[in-house]
Amino acid sequence: MGRIPHSALRTPHSAMLIVSEEHPENFGPLTQTRATFELRYGALCPLDRALQVTPEVALRVRPELEEYLRAKTGLPVNEDIEGEPFPGLPAKTPWEILSRSDAHIAADFHDWAKRHTNGRDQALMNGAHLIGDKRDVFIGRGSVVQPGSVLDASGGPIILAERVQVKWSQIVGPVFVGAGSVVDGARLRSGSSLGPNCKVGGEVSASIFQSRVNKAHEGFVGHSWAGRWVNFGALATTSNLKNTYGTIRFQRDCATTVDTGSQFLGSLIGDHTKIGIGQLLTTGANIGAGCSVFGGGVSPKYVPSFSWGGLEGWSEHRLEDCLKTVHGTLGRRNAVLRSESEAVLRAVFDATQTERKAFLLG
Numbered sequence: 112m113g114r115i116p117h118s119a120l121r122t123p124h125s126a127m128l129i130v131s132e133e134h135p136e137n138f139g140p141l142t143q144t145r146a147t148f149e150l151r152y153g154a155l156c157p158l159d160r161a162l163q164v165t166p167e168v169a170l171r172v173r174p175e176l177e178e179y180l181r182a183k184t185g186l187p188v189n190e191d192i193e194g195e196p197f198p199g200l201p202a203k204t205p206w207e208i209l210s211r212s213d214a215h216i217a218a219d220f221h222d223w224a225k226r227h228t229n230g231r232d233q234a235l236m237n238g239a240h241l242i243g244d245k246r247d248v249f250i251g252r253g254s255v256v257q258p259g260s261v262l263d264a265s266g267g268p269i270i271l272a273e274r275v276q277v278k279w280s281q282i283v284g285p286v287f288v289g290a291g292s293v294v295d296g297a298r299l300r301s302g303s304s305l306g307p308n309c310k311v312g313g314e315v316s317a318s319i320f321q322s323r324v325n326k327a328h329e330g331f332v333g334h335s336w337a338g339r340w341v342n343f344g345a346l347a348t349t350s351n352l353k354n355t356y357g358t359i360r361f362q363r364d365c366a367t368t369v370d371t372g373s374q375f376l377g378s379l380i381g382d383h384t385k386i387g388i389g390q391l392l393t394t395g396a397n398i399g400a401g402c403s404v405f406g407g408g409v410s411p412k413y414v415p416s417f418s419w420g421g422l423e424g425w426s427e428h429r430l431e432d433c434l435k436t437v438h439g440t441l442g443r444r445n446a447v448l449r450s451e452s453e454a455v456l457r458a459v460f461d462a463t464q465t466e467r468k469a470f471l472l473g
């Protein structure tokens, strides 16, 4: 569905907006644990965009996500309610969205600045540098850009939401950094959109992190999309360009590959997956939710959800062991895994058993 400007949808008496899923099968591991309208592009996801127009929003989703979304949002889910359909994602595939990520961020800049009038450029400490027009940089309340950092807005705008810390880093716009995130010793390249509470070091280019992604060390992530609570170990690296410069194929499952038509595509990585130190992910990698990938070398192009292993072999990541790690990871950040979210993970484990068995028998 095409994108409609927010202003075109604002009326004094807005009707109920209906936000529906679109093509969840195209987004690999990212939509195993969430609806497509929770996937971010630019500065926001479609659901947040709808809620900026009116609180009168109803949701249409797959049955397995009903309880999770009802508990998370408090909105009507799959109820018999009439309303106006609201635009979803700007394209049908993740590689199309990633290829236009810089444009999506740039398109959101002025609306973000209007809605968040607490931005200030004084947050640049002495010794921090701004390249370009300061009007193309938004720095939210409580955010700080420390000495030695460079904000380069000459090629596009930069949005730092509230309570962002930038330490000894280079940010080349268009870039969006969500609230509470830490950018430390990083090179954030054009088209990078980081959700709330991410920790980023090393190099990130034209990639989307949903939220709570930890990539604190050196390593390259390019044209990739990571779900929540994904962890990249030191020097973990994604390939986003083939040696032949040809178009990249994405492996949807054990039996199906798709020619993306894109020259650049890194990895799609599901929620709660850990990528070990020095791990190399090939172009167009599909790494499911709840995986632990380690041991170095190049990982397979397709790793089903709840897989455990690497070069020395693979096994099933036992559900209860995975959930124990999830609870521990969230606890370190003073967060709690809601029962509805745990139920979604359990459902994903069950739904991917056949794929996992085929992968392990390989």
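Numbering (our numbering), first residue to last: 112 to 473. Ideal Cβ placement from N, Cα and C applies to all residues, glycine included.
Closest by C-alpha distance to Ala-396, out of Val-341, Trp-336 and Val-286, is Trp-336. With fewer than 16 other Cβ atoms from the protein chains shown falling within 10 Å of its own Cβ, Arg-429 counts as exposed. Boundaries cannot be given for Trp-340, as no alpha helix (DSSP H) includes it and DSSP labels it neither H nor E.
Remark: three or more beta-carbon pairs, one from each stretch, lie closer than 8 Å, so the segment 269–276 and the segment 285–301 are flagged as touching. By the 16-neighbour rule on beta-carbons within 10 angstroms, Arg-151 is buried. Distance between Phe-405 and Cys-156, taken at the CA atoms: about 31 Å.
Within the same chain, no Cβ atom closer than 6 Å to the Cβ of Arg-160 is found once the five residues on either side in sequence are excluded. Inclusion of Arg-300 and Val-315 in the CB contact set at 8 Å is warranted, their separation being smaller than that value.
Here DSSP, grouped into helix, strand and coil, assigns Tyr-356 to coil. Residue state for Val-324 is assigned as coil, using DSSP reduced to three classes. Scanning Leu-235, Lys-203 and Asp-247 for the CA closest to the CA of Asp-219 turns up Asp-247. Contact between Asp-382 and Gly-338 holds, with the beta-carbon distance rounding to 4 Å and staying under 8 Å. The segment 195–205 and the segment 137–144 touch, with three or more beta-carbon pairs separated by less than 8 Å. A distance below 6 Å between beta-carbons, with the five flanking residues on each side excluded, links His-334 to the following residues of its chain, in chain order: Leu-209, Ala-317, Asn-351, Phe-375, Leu-376 and Gly-377. Residue environment for His-215: buried (at least 16 other C-beta atoms within 10 angstroms of its C-beta).
Taking all protein chains shown into account, Lys-326 has 16 or more neighbouring C-beta atoms within 10 Å of its C-beta and is therefore buried. Counting along the chain, no beta strand (DSSP E) covers Ala-214; the unbroken alpha helix (DSSP H) around it starts and ends at 212–226.
When secondary structure is reduced to three states using DSSP, Leu-376 falls in the coil class, being assigned neither helix nor strand. For Phe-249, the enclosing beta strand (DSSP E) begins and ends at 248–250. Under the DSSP definition of a beta bridge, Asp-370 partners with Arg-360. Within the same chain, and ignoring the five residues on either side of Ser-303 in sequence, the residues whose Cβ sits closer than 6 Å to its Cβ are Val-286, Val-315 and Ser-318.
Around the beta carbon of Gly-306, 16 or more other beta carbons sit within 10 angstroms, so the residue counts as buried.
Put simply, the backbone Cα of Val-164 is about 10 Å away from that of Leu-158.
Within the DSSP bridge table, the entry for Gly-238 names no partner. Taking the Cα of Ala-234 as reference, the smallest distance to any Cα among Val-437, Ile-250 and Leu-241 is reached at Ile-250.
Cα atoms of Thr-355 and Met-127: separation of roughly 50 Å, rounded to the nearest angstrom.
In the assembly as shown, Pro-268 is a buried residue. Its beta-carbon has 16 or more other beta-carbons within 10 Å. Under the three-state reduction of DSSP output, Ile-388 falls in the coil class, being neither helix nor strand.
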